[in-house]
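Colleague: Residue numbers (our numbering), protein chains in the order written: chain R, 4 to 793; chain G, 2 to 282; chain S, 39 to 203.
We put the CB at the ideal spot given by N, CA and C, even for glycine.
As the structure is a computational prediction, the values presented were derived from the model and not from experiment.
Below is the structure I would like to discuss, written out as structure tokens.
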């Protein structure tokens, strides 16, 4: 791996370290004030009247009695926020207007002096809803003559062109590469078909979504627990029909996000109520609201079919993926794109076609969750791969080594992958297993299974901006719209990167909390993008600073700028450490002669070539920075009760370059455990009245300390990456391969076809007793073409 | 009595059992550790307007160990109970129930009385454990104390508790071994979806109780009859449990009823295996 | 009614509803926001405080029941510029923290655990954590840090004993 991607060898070695977190001490002492800790006695408390039915028409809404209740200061309804928002399609009102589309949909917001008074006033709202028969499943939504969740879908503003839409199909993305019909018609192939069904996953961030809105000098100021300050700013502008520049968003430390806080939800309501009252207004979701209206990882239904030769060449593949977006399109519109890159990833495939449909239902809207649909598409693909191996009598590991994507292979949209990454990673897994050994003996009479799986995901590159101000004491202040959600990027990666670029120590780099008034556009913290995108923007800013500092120092030192370097807090002459002049002296000099020294940088993803005519309705046609994982699980299945115990877990993760190995290891352990929750414990189900049943910690079971094992991980460095210093995001993908590895291991342990998640004890017992049937999808047509709008 | 008026609520801290009974008779709800009651609002139930707390009644907080019996005060917490009975031969099942329920912080607060009196709490651990021990409960009523078998108490719990205060649980010491097998969906920390408690007395009698499967825990009398006082191996007990499984599992969000019912024979096997090893589950 | 109790060493009076969860008194009346309101049902442990030295969930503790008790919150464990509790220091050194919301409760729960169980094994530490949920870290590093802390304490006390012999 060359050192020339960005920066010199010195800058890389100065950046790589196990930097501890600067926020740990306050967090351990309970001193960190998350948004939820910033409620003051002079604030108004707002609560929401939410729908108790999944579908209906608002026949009458009278808030007069509530308006006169004790302590009430403002009431807002849908009429007060007429603008619609969304991703791709503007289909989502802030508060329901005329139509109810899910159980829990907010209808009225009331701000009062106390929460108790606000809740008392809620009871006085006179609301009459004419219920409609709800469309609760994708099967119902796609049935002939199904009621439309959005009558007026044709009239919505299209924010991104290209997706096919019709009725309850909010968005359709399609990929075709090569002649799939011909591949399936070959005489030397066997056709293998797999159907998969997965449920939703709830994020359960410990800090619920909370926002504090105020109205300052004619502008909204929202302090909120979000991953996407700029999205909150823009959505608030849209729904309140304000220029977005009249909204300022600041973000205190965020108590967990995992993707839930990748969209605006309650924030604009606080701005609206603040505008009406002139007071500061707080909304804090109760835990029940938080879980009942969670923008979950979506439930999905998948049919995947492959044509494979006897010696294991994948000649053709086709798949239909139905993603439940719930009542509004949201993130699923964007994620329909990612089906191509995950189901179409991992393996070399002759010809393929994939269609991914985001389907409206009368259920709470879904959203983004760490590695999003990649998690279940990987589960589906890896289970399918094992079923192929079973059908053809091939060894699954050998099959993978033979077929994984390598240098020059084509992805679903015809993008050309660079470098051999997955195959050497599989070999590294063999080496890791040789070191750790396997633990079949721990199964202790239970059914034992082991599986090795692969996964392909990406870094969500996109716009970021950074400014660095040099201070007279030689320290630097980094100003970005990045948010610390717990992953450590703002506390570890960025100070490491900036310090490495400027020859400082990380503690000399102050990191400013996100404020849309002080930093430029950023698409948010998520998708593994922070280190890459904000890191690249920060390097750009540092580059400008270096040039300025070298310019001033060159005069002071009478040395050519190109002979200078920043090291040890000094502008030094290259190769002579300790020479030159202190950075602080250069900054002070600069301030006196031409003013403060500042550098700015910006970044966005670069288009990657793909095959024209392959992709329809995609928001990303090719992956700029693919990321690969290899996961291996060993499990024991209790034949009496269906309990799955994870005995050992190993990961080989493509990290590009590891800037902080210890921090990455922490992300891997945490991400794998969230994946274990998804694979084994965490179930979200919809009641007949459209409600999410699991709306508390009693019924929604996240993994506890007793349920987990230490994950053994090997960080694979050196795969191609256009990220700064060769990095890739490391926090997103640890969850990617977990359901796949666990699902395949349970299938190996039980000898049964594992086609649904989560693998709770009742489901596994039912599987063992032969009662689980492969999911059948009458609403997915046998012919591929019949499943597309094109 | 120390009576204090809140803005909307009357909160009394009874100093004696008699005071508590009097308060109960006049409509106060009984508050022990609070771990169940405090979740009322989450269940959509308004907190009681009148409360009588038992925390200051010293006599309810003691565990007395006699040669022939153990008397457990209603305010004894799970963790105190676990500490007190963990070394007593024969009470392994009760110790396992007290040690395995909920989580450590809850066990420090949740009481024996609360566990037995929470009528809506199907997954209580102590109930089947004490049923297997054929425990008796002592109730305080306005006209004096009353002793009755736990199984009888459970049948009429809601009605009895309108006027009575559960004060003590009495466990005879004729049990030589017992076991308590709980099946949560995770390793620990959540409510068990099914519980099997067994106990063997010195006269050879074996009692089996099942919790969390039906709305109220009960003895598995059909299995006890099939066992007929014989010393059964774990596998024999499992086979008999298959034949005598007359439980109707309750449906819940965490699982459907069939699962609770179907795991019972395996739990019986485990319980009997533990019994043979001296009760350690 | 008025409830009086000791809060981080000082007398505290509360005049409202005695069924108010102690957690709400801490956060809303005293602005001690270290204890977090997360599940509010006694499952997650984020609101753990010490009542008379024992860790308990403040969400399920009616303030009326702490009358006369001594309550210590995370703010009282190492206040002002005092040194961290050694377990907090061990957590900081091991880089265990991510979002941080669970840690005030985790520290209150485990600081009492290490005090009472100096000989605890790794499985015992895991068992003790059944009521302290963390959504970020996957637990193992926390468990490692507790185990290492106990080993260091033990080595320290053995060294002391050896010095006295």
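1. Please state the DSSP three-state secondary structure of residue 112 of chain G.
2. Can you find a C-beta in chain G that's less than 8 Å from the C-beta of residue 48 of chain S?
3. Thinking residue 621 of chain R and residue 176 of chain R are a contact (beta carbons under 8 Å), I'd like their distance in whole angstroms, please.
4. Of all the CB atoms in chain S, is at least one closer than 8 Å to the CB of residue 347 of chain G?
5. Note down the Cα distance separating residue 539 of chain R from residue 658 of chain R, rounded to an integer number of angstroms.
6. Which class does residue 134 of chain R belong to by DSSP, given the choice of helix, strand or coil?
7. Determine contact between the stretch 16-29 of chain G and the stretch 62-80 of chain S, defined as no fewer than three beta-carbon pairs at a distance below 8 Å.
8. Tell me the rounded alpha-carbon separation between residue 97 of chain S and residue 242 of chain R.
9. Quick one, which residues of the stretch 31-59 of chain G are near chain R if we go by CB-CB under 8 Å, in chain order?
10. Which residue's Cα is closest to the Cα of residue 1 of chain G: G:256, G:254, G:258 and G:207?
11. Would you identify the three-state DSSP class for residue 211 of chain S, choosing helix, strand or coil?
12. For chain S, is any of its Cβ atoms less than 8 Å away from the one on residue 667 of chain R?
13. Only counting runs of 4 or more residues, tell me where the alpha helix (DSSP H) segments fall wholly within the stretch 297-357 of chain R, in order along the chain.
14. Compare the beta carbon distance of residue 400 of chain R and residue 455 of chain R with 8 Å and say whether it is the shorter of the two.
15. Do we get a CB-CB distance below 8 Å when we pair residue 6 of chain G with the residues of chain S?
16. In whole angstroms, give me the CA-to-CA distance for residue 244 of chain R and residue 219 of chain R.
17. Compare the C-beta of residue 702 of chain R with all C-beta atoms of chain G and state if any pair is closer than 8 Å.
18. Output the distance between the C-alpha atoms of residue 167 of chain G and residue 435 of chain R, rounded to the nearest integer angstrom.
19. For the stretch 147-193 of chain G, which segments carrying the alpha helix (DSSP H) assignment without a break, of at least 4 residues, lie completely within its bounds, in sequence order?
20. Could you tell me whether the Cβ atoms of residue 7 of chain S and residue 106 of chain G are closer together than 8 Å?
21. Does any residue of chain C bring its CB to less than 8 Å from the CB of residue 77 of chain G?
22. Taking 8 Å as the threshold (C-beta atoms), are residue 227 of chain R and residue 292 of chain R in contact?
23. Note down, in chain order, each residue of its chain lying with its Cβ closer than 8 Å to the Cβ of residue 138 of chain R, except the 5 sequence neighbours on either side.
24. Roughly how many whole angstroms lie between the Cα atoms of residue 89 of chain S and residue 48 of chain S?
25. When you compare the stretch 559-570 of chain R with the stretch 492-501 of chain R, are there three or more beta-carbon pairs, one atom per stretch, that lie closer than 8 Å?
26. Grab me the residues of residue 632 of chain R's own chain with a C-beta within less than 6 Å of its C-beta, minus the 5 sequence neighbours each way, in chain order.
27. Given a cut-off of 8 Å on the beta-carbon distance, is the pair residue 432 of chain R and residue 653 of chain R in contact?
28. Using a Cβ cut-off of 7 Å, pull out every chain G residue sitting near residue 763 of chain R, in sequence order please.
29. According to the Cβ coordinates, are residue 133 of chain G and residue 198 of chain G closer than 8 Å?
30. Residues in the stretch 86-101 of chain S with C-beta within 8 Å of chain G's C-beta atoms, listed in sequence order?
31. What does a CB cutoff of less than 7 Å around residue 115 of chain R pick up in its chain, not counting 5 residues either side in sequence?
32. Does the separation of the CB atoms of residue 214 of chain G and residue 170 of chain G fall below 8 Å?
33. Nearest chain R C-beta to residue 57 of chain S closer than 8 Å, yes or no?
34. Under the three-state reduction of DSSP, which class applies to residue 216 of chain R: helix, strand or coil?
35. Is the stretch 303-320 of chain R close to the stretch 245-258 of chain R, with three or more CB pairs under 8 Å?
36. Round the Cβ separation of residue 345 of chain R and residue 460 of chain R to the nearest angstrom and send it over; I've been treating them as touching at under 8 Å.
Modeller: Let me lay it out:
1. Within the second chain, the letter at position 111 stands for residue 112 of chain G. In this structure, residue 112 of chain G counts as strand in the three-state DSSP scheme.
2. Indexing the third chain from 1 puts residue 48 of chain S at position 10. Not an interface residue.
3. Residue numbering aside, residue 621 of chain R sits at position 618 when the first chain is read from its first letter. Residue numbering aside, residue 176 of chain R sits at position 173 when the first chain is read from its first letter. Contact between residue 621 of chain R and residue 176 of chain R holds, since their C-beta atoms are separated by about 5 Å, short of 8 Å.
4. The structure shown does not extend to residue 347 of chain G, since chain G is modelled only from 2 to 282, so the question has no answer here.
5. Within the first chain, the letter at position 536 stands for residue 539 of chain R. Within the first chain, the letter at position 655 stands for residue 658 of chain R. So the alpha carbons of these two residues sit roughly 16 Å apart.
6. Taking the first residue of the first chain as 1, we reach residue 134 of chain R at position 131. Residue 134 of chain R: strand per DSSP, three-state reduction.
7. no
8. Along the third chain, one-based indexing puts residue 97 of chain S at 59. Along the first chain, one-based indexing puts residue 242 of chain R at 239. Spanning the two alpha carbons is a distance of roughly 36 Å.
9. 43
10. The structure shown does not extend to residue 1 of chain G, since chain G spans only 2 to 282, so no value can be given for it.
11. Residue coverage of chain S in this structure runs from 39 to 203, which leaves residue 211 of chain S outside it and unanswerable.
12. Counting from one through the first chain, the residue named residue 667 of chain R turns up at place 664. Taking Cβ atoms only, chain S never reaches closer than 8 Å to residue 667 of chain R, which makes this a no.
13. 334-338 and 341-346
14. Here residue 400 of chain R corresponds to residue number 397 of the first chain, with the count starting at 1. Here residue 455 of chain R corresponds to residue number 452 of the first chain, with the count starting at 1. The answer is yes: Cβ separation under 8 Å.
15. The sequence position of residue 6 of chain G within the second chain is 5, counting from 1. Residue placement at residue 6 of chain G cannot be trusted, given a pLDDT of 41 that sits under 50; the coordinates are not used to answer.
16. Translated into the one-based positions of the first chain, residue 244 of chain R becomes position 241. Translated into the one-based positions of the first chain, residue 219 of chain R becomes position 216. Going by the C-alpha atoms only, they are around 17 Å apart.
17. Here residue 702 of chain R is taken as the residue at index 699 of the first chain, counted from 1. Yes, its Cβ sits closer than 8 Å to a Cβ of chain G.
18. Along the second chain, one-based indexing puts residue 167 of chain G at 166. Along the first chain, one-based indexing puts residue 435 of chain R at 432. Taken atom to atom, the span from the alpha-carbon of residue 167 of chain G to that of residue 435 of chain R is near 59 Å.
19. 151-156 and 158-161
20. The question about residue 7 of chain S has no answer here: the residues shown for chain S are numbered 39 through 203.
21. Looking at the structure shown, chain C is missing, and the protein chains on hand are R, G and S.
22. As a first step, residue 292 of chain R must be located in the first chain, where it is residue number 289. As a first step, residue 227 of chain R must be located in the first chain, where it is residue number 224. Not closer than 8 Å, so no.
23. Translated into the one-based positions of the first chain, residue 138 of chain R becomes position 135. 58, 144, 149, 150, 152, 171, 363, 364 and 365, listed in sequence order.
24. Counting from one through the third chain, the residue named residue 89 of chain S turns up at place 51. Counting from one through the third chain, the residue named residue 48 of chain S turns up at place 10. So the alpha carbons of these two residues sit roughly 14 Å apart.
25. no
26. Here residue 632 of chain R is taken as the residue at index 629 of the first chain, counted from 1. Closer than 6 Å at the Cβ level, and outside the excluded window around residue 632 of chain R, lie 458, 656, 736, 739 and 740.
27. Reading the first chain from its first residue, position 429 is the one you call residue 432 of chain R. Reading the first chain from its first residue, position 650 is the one you call residue 653 of chain R. Yes. Within cutoff.
28. As a position in the first chain, residue 763 of chain R is number 760, starting the count at 1. In chain order: 186.
29. Within the second chain, numbered from 1, the residue matching residue 133 of chain G stands at position 132. Within the second chain, numbered from 1, the residue matching residue 198 of chain G stands at position 197. In terms of Cβ geometry, residue 133 of chain G and residue 198 of chain G form a close pair [threshold 8 Å].
30. 86, 92, 93, 94, 95, 97, 98, 99 and 100
31. What you label residue 115 of chain R is simply residue 112 of the first chain in a count that begins at 1. Answer for residue 115 of chain R: 47, 48, 74, 75, 76, 121 and 124, listed in chain order.
32. For the purposes of this step, residue 214 of chain G is taken as the residue at position 213 of the second chain. For the purposes of this step, residue 170 of chain G is taken as the residue at position 169 of the second chain. Against a cut-off of 8 Å, the Cβ pair of residue 170 of chain G and residue 214 of chain G comes out as no contact.
33. Against the third chain, residue 57 of chain S aligns to sequence position 19. False, the Cβ-Cβ gap to chain R never drops below 8 Å.
34. Taking the first residue of the first chain as 1, we reach residue 216 of chain R at position 213. If DSSP states are grouped into helix, strand and coil, residue 216 of chain R belongs with the strands.
35. Judged by Cβ distances under 8 Å, the stretch 303-320 of chain R makes no contact with the stretch 245-258 of chain R, as fewer than three pairs qualify.
36. Your numbering for residue 345 of chain R matches position 342 in the first chain. Your numbering for residue 460 of chain R matches position 457 in the first chain. About 7 Å; that satisfies the 8 Å criterion.
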